[in-house]
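Only one structure is covered here, and it is reproduced in the block below.
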Amino acid sequence: MKARIVASADVLKIVDLLRARGYEVVAPFCGRGRDSYFDTVTDENRPRVRIHLPNPYYPPKRFVFPHIERLMAVRAQNGDLKMEPTYDERPRAIFGIRSCDVAGLWHLDRFYLGRDFRDIYYEKRRKNLFLVNVVCTDPARDIGEDCFCLCADTGPAARDHFDLQLMDLGGGEFMAVAGTAAGEGLFAEPIFHKGTAAHLERRHAILDAVRKRFKTITSWFSATVRYVSQGTIPDKTWEEIGNRCLECGGCTYVCPACTCFTVSDRQVGPGEVERVRIWDSCALSGFTRMAGGFNPRRAVHDRRNRRFFRKLAYYFIQRELDMACVGCGRCAAVCHGDIGMPSVVEMIRRAEPEPAKK
Amino acid sequence: METAGNRIVGAYPSMSHPANQGKICVRGWHVHEVASSPDRLTSPLLRHNGHFQPVSWDEALGFVASRLGQIRDQYGPDTVAFLDSPRCSNEEAYLLQKLARTLIGTNNVDHGAGVYGNNSVNVLLDMIGVPASTNSIGELARSAVIIVDGVDLGRQLPTIGGWVIRARLNGARLIVIDSRRHRVAENADIFLQIKPGSESLLYGALAKVIVDRGLMDLPFVKARCEGCEAFLAGVQDYDLLQAAEGCGVPASLIEAAGLAYGRAPSAAILYSTGIEARDEDSIRGLINLALLTGNLGKEGAGVFPLAEHNNLQGVCDMGMLPDRLPGYQAVTDSKARAALEAVWRAKVPAQPGVGAETLFEAGGRKPLKALWLGRYDPVSTAFFGAPDQVLDRCELVVVQHLFMTDTTDYADVVLPTTAFGEERVTYTSTERRIQIAERVIAPPSGPMPAWEQLTRLARALGAQWNYQSSAEVMQEIGEVIPFYSGASHDNLTRDYGRQWPCTTDRPLGTAMLFADGELERPFKFVPLARPARPFGNPEDFPFTLVFGRSLYYWHQNALIRHSETLKREYRLLLLDYPEGFVEINPDDARRLDIRDGGRIRLTTPSGSLVSTARVTSEVRTGTAFVPYFVRQLKPELLGAMGQSRSLVPVRVEKEGA
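Line order of the protein sequences matches chains A and B.
So in the numbering used here, the last one in the first sequence is 1545, and the numbering has no gaps at all.
So in the numbering used here, the last one in the second sequence is 678, and the numbering has no gaps at all.
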């Protein structure tokens, strides 16, 4: 991987370079209070793009997997049905995506593109996506109460799956690391300069220091993965977790690694139907209900245990090469009953495990 | 709101909002599907030869104005009524009641939840002078004890349910009073699963425990309350053991709950204003308890009458009540009327109007000729009366809505409104927070904001209404309702809304009522005679039949039906039990040999019917719960007993054994 140095005063010029190359650039902005959000950069809002700010709560996964999207229109035509798929192929760049969310996108890639069936709607968006990752280095602004990327091994600096990575070295300089040829292609621009060994040392020193600034530094994932995979977690613990779930679905909607969706057709005009894809959630009881009325996960704790089984069981880790949790902490913030990932891992760790099933 | 082009394509909460902190419910996560639904109405519709035809706004409003005028002149103003949904904005509700009162000359105004909510308004006004939550939702994090009475927070108000569960995790003691075992009840320290209808007996017994153990807050009672002597005398009639028998819960649990509440440095009581079986005495009972222990005017304490609709509080504040003007003054109060007449420059009728429940009585007393329904769909959501028959007899039915509904079948005119996110209006939440909903996209061409429709209609009726924006309407609301006087749109946008009283002197609003100790009038105890027996079932009819509304409310909702995810979730029970169902407890089911999904016969002293059993441990033993939407069940079972009672003695048997 190649690295360059860029002056702080020039770092937002990367947004301009990408826009000039025809990308729709989405970048983080500050909202009210401690809110932040991703939005499309325009000439008007360009000066308000921020590098250091709380990671937006509504995750950037929607740029490859929207909250709601039209898949196709179906029209009655000459006694036949005409189907017109809707693809989004616009070149898009996410500027300022955090390392946890980069890992989340990689997880979506494994799910949607990693096996025999490739999801064409996802693929068209993804192959035109350029990622500018920003390393979380400012403990006050970048790192939230609930962040635990250290435990999930996704941050604070992503190791791969980005096109370009930016890290604030202090002293008016950023380090830019290219992760792909497309990223490296930007280094021809005059704002990038060669770095020195001292820059590399600063990078290591900053990362060492930042790693100590996380509030949640242990999550005992390994024990939990083992208990979940072996099925030795007492029912009582799952019931306790289930009783605190109010079935809002929020944890799945904000999760950068959650992939589930439902598909529905709706009438949009005379003789015309649109097929939409909508985020779905394993928290909802309609999610697993069979057409005949049988619901294998009728009880709420059965649905909750499904979530953690899906994210942590060895079977899925083997298939997707990683846990389906990237340590962003959003599920902890969104949950009414405090059963986000860190709390659940803690509850499972403390529970008296049942003897392993043979 | 997430927008792309001019479409709302996503919704997510603000982490910084004081009441939800980024935690919302499944309805919130899917609100964008409703606004973007392809089924939205796009043009005013006028019925012509039995069929709707799209017409221009001028034609539609002109027709409504001329027909309303004719009916008013021919049959009298009180043959016209205006009902709206507790989801309407403040501006819309305010203009609707103003139009009814000044241009038609009737106080026949009400909102769809008035049937269950208005007794709570009356009791609160009488006893503490303010018909709203006394404290803020966020204070629950600092309550030592929380009582949740008769509300399934998990299903109905998850945001508040979350505050309660998290408070419990952080050390608060949670007491749940309910005949149903719901999600929050599973988290309770003390769960009083009482017999339906025995709440006021329970509150009397809790007061007795507090008095007997000397846990009263005497300084508070002496300094700030009146009527305590008579109340205390009445409390002596209660007996813990008798109450335990009457309520069907162990005396030790009642005692433990009384001690926990009485000893808490600060304790909050949450109850639902939307409960079918909730009588006024049970509300009086819980307020008495809060007064007795000084749990008003301090942090983490208070009484929370929870509104289950986004703007139930607001439409009541705006005077969408048949007997109360904006700001809760009685319509019979001539001084209050005179003050309003000065602002409105029009007469206000002195005779209280008729509410929705009476209007929809089958074969109602006074003939209704014209009915205006603002986003209200009584045909599918009113569990009382016979709205379809009443609508059928009206000469003019006007419906404002986003979509066609079951009610529009009876409409002569349908007026399409703008949706959440398409207009800038205000709503008032259950913690008195007046909030502005910003316009994030332009409405589709066709629909018009409801406040603008009303303004144009008023002009067509000859009034000089000149509101150019919803902000101007809010300005006038501030002139009319003293506790909204500081709530201009400008002020509301500066933060996450303001909690009323928000006055020109206190523009930042008021998080907690009664904090400064200065009262316009003392709080009032109301003595409650001990109910002889809360609910005595004859031997032949050992079960109590409860007609429930709240839990199954949502699936009939016109908004839910236009979200794919919500439609799926809220239809599940109907898919599993297509002909409706009667819920009974597994213990009762085992004893009676009734299986889930099996046939079940209910017999009351006046009728009998067969339905499908839904066996669930959520209901208490000895009760049979019938959701309200199983509409035909009610007349069959109640027959001559009338529809007024929600608790009925019943016999439950297996059918076709």
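The beta-carbon is built from N, C-alpha and C at its ideal position, and this holds for glycine as well.
Quantities reported herein were computed from a predicted structural model and do not represent experimental measurements.
Where residue i sits in the DSSP three-state scheme
i, result
"threonine 449 of chain B", "strand"
"glycine 175 of chain B", "helix"
"glycine 323 of chain B", "strand"
"histidine 576 of chain B", "Any reading at histidine 576 of chain B needs caution, since the residue's pLDDT is 48, under 50, leaving its predicted position unreliable; the model's value is listed next. Helix."
"serine 293 of chain B", "strand"
"alanine 114 of chain B", "helix"
"methionine 148 of chain B", "helix"
"glycine 192 of chain B", "coil"
"proline 1529 of chain A", "helix"
"proline 555 of chain B", "Confidence in proline 555 of chain B is poor, its pLDDT being 49 and thus under 50, which makes the residue's placement unreliable; the coordinate value appears in the next sentence. If DSSP states are grouped into helix, strand and coil, proline 555 of chain B belongs with coil."
"alanine 1538 of chain A", "coil"
"methionine 662 of chain B", "Residue confidence is low: methionine 662 of chain B scores 48 on pLDDT, short of 50, so the model does not pin down where it sits. No coordinate-derived value is stated."
"asparagine 139 of chain B", "helix"
"histidine 422 of chain B", "strand"
"histidine 38 of chain B", "coil"
"tyrosine 1224 of chain A", "strand"
Environment of residue i [buried if 16+ CB atoms lie within 10 Å]
i, result
"threonine 447 of chain B", "buried"
"glycine 483 of chain B", "exposed"
"methionine 339 of chain B", "buried"
"isoleucine 1307 of chain A", "exposed"
"serine 632 of chain B", "buried"
"glutamate 1388 of chain A", "exposed"
"methionine 533 of chain B", "buried"
"glutamate 1461 of chain A", "buried"
"methionine 495 of chain B", "buried"
"valine 336 of chain B", "buried"
"glutamate 1332 of chain A", "exposed"
"alanine 610 of chain B", "buried"
"glycine 677 of chain B", "exposed"
Minimum C-alpha distance to residue i - residue among the options
i, options, result
"cysteine 1522 of chain A", "A:Ala1486, A:Thr1439, A:Phe1401", "A:Thr1439"
"arginine 93 of chain B", "B:Arg635, B:Ile615, B:Asn606, B:Leu417", "B:Leu417"
"isoleucine 1465 of chain A", "A:Thr1449, A:Gly1479, A:Gly1473, A:Ala1478", "A:Thr1449"
"threonine 449 of chain B", "B:Glu113, B:Ala188, B:Asp617", "B:Glu113"
"aspartate 147 of chain B", "B:Phe546, B:Ser627, B:Asn208", "B:Phe546"
"isoleucine 187 of chain B", "A:Phe1503, A:Asn1430, A:Ala1470", "The amino acid occupying residue 187 of chain B in the given sequence is arginine; isoleucine does not appear at that position. With distances taken between Cα atoms, arginine 187 of chain B lies closest to A:Asn1430."
"alanine 134 of chain B", "B:Leu116, B:Asn332, B:Arg527", "B:Asn332"
"aspartate 1197 of chain A", "A:Leu1353, A:Pro1343, A:Thr1273, A:Ala1520", "A:Leu1353"
"valine 232 of chain B", "B:Leu213, B:Leu253, B:Pro217", "B:Leu253"
"valine 435 of chain B", "B:Glu443, B:Gln421, B:Thr428, B:Gly442", "B:Gln421"
"arginine 1302 of chain A", "A:Gln1505, A:Arg1262, A:Leu1394", "A:Gln1505"
"proline 388 of chain B", "B:Pro75, B:Gly83, B:Gly71, B:Gln95", "B:Gln95"
Contact set between residue i and chain A, taken where Cβ atoms lie within less than 8 Å
i, result
"tyrosine 33 of chain B", "Tyr1244, Tyr1245, Tyr1440, Val1441"
"glutamate 590 of chain B", "Leu1471, Ser1472, Gly1473"
Closer than 7 Å at the beta carbon, the chain B residues around residue i
i, result
"alanine 1520 of chain A", "Met36, Gly43"
"arginine 1219 of chain A", "Ser35, Ser37"
"arginine 1390 of chain A", "Residues of chain B passing the Cβ test: none, with the nearest at roughly 30 Å."
"aspartate 1222 of chain A", "Ser35, Met36, Ser37"
Chain E contact for residue i (CB, 8 Å cutoff)
i, result
"asparagine 1315 of chain A", "Given the protein chain composition of this structure (A and B), no chain E is represented."
Contact list for residue i against chain B, beta-carbon separation under 9 Å
i, result
"asparagine 1232 of chain A", "Neighbours of asparagine 1232 of chain A on chain B: none; closest Cβ ~14 Å, over 9 Å."
"threonine 1409 of chain A", "The sequence given here places serine at residue 1409 of chain A; threonine does not occur at that position. Result: empty, since nearest Cβ-Cβ is about 25 Å, beyond 9 Å."
Integer Cβ distance of residue i from residue j, believed to fall under 8 Å
i, j, result
"glycine 279 of chain B", "threonine 155 of chain B", "Glycine 279 of chain B to threonine 155 of chain B, Cβ: 21 Å. No contact."
"isoleucine 308 of chain B", "isoleucine 149 of chain B", "7 Å"
"alanine 1519 of chain A", "glycine 1291 of chain A", "Not a contact, Cβ separation roughly 15 Å."
"arginine 204 of chain B", "leucine 1433 of chain A", "6 Å"
"cysteine 1379 of chain A", "alanine 1368 of chain A", "The amino acid at residue 1379 of chain A is misidentified as cysteine; the sequence shows phenylalanine. Not really, about 15 Å apart at Cβ, beyond 8 Å."
"valine 1513 of chain A", "cysteine 1336 of chain A", "7 Å"
Chain-ordered chain B contacts of residue i [CB-CB under 8 Å]
i, result
"glutamine 1454 of chain A", "Pro59, Asp60"
"proline 1253 of chain A", "Val30, Gly31"
"histidine 1294 of chain A", "Result: empty, since nearest Cβ-Cβ is about 20 Å, beyond 8 Å."
"aspartate 1329 of chain A", "Neighbours of aspartate 1329 of chain A on chain B: none; closest Cβ ~15 Å, over 8 Å."
Chain-ordered chain A contacts of residue i [CB-CB under 7 Å]
i, result
"arginine 204 of chain B", "Asn1430, Leu1433"
Any non-hydrogen atom of the ligand PLP closer than 7 Å to residue i Cβ
i, result
"serine 509 of chain B", "With respect to small molecules bound, the structure shown includes none, and the ligand PLP cannot be examined in it."
Within chain A, partners of residue i - CB distance below 9 Å
i, result
"arginine 519 of chain B", "None at all; the shortest Cβ gap to chain A is about 15 Å."
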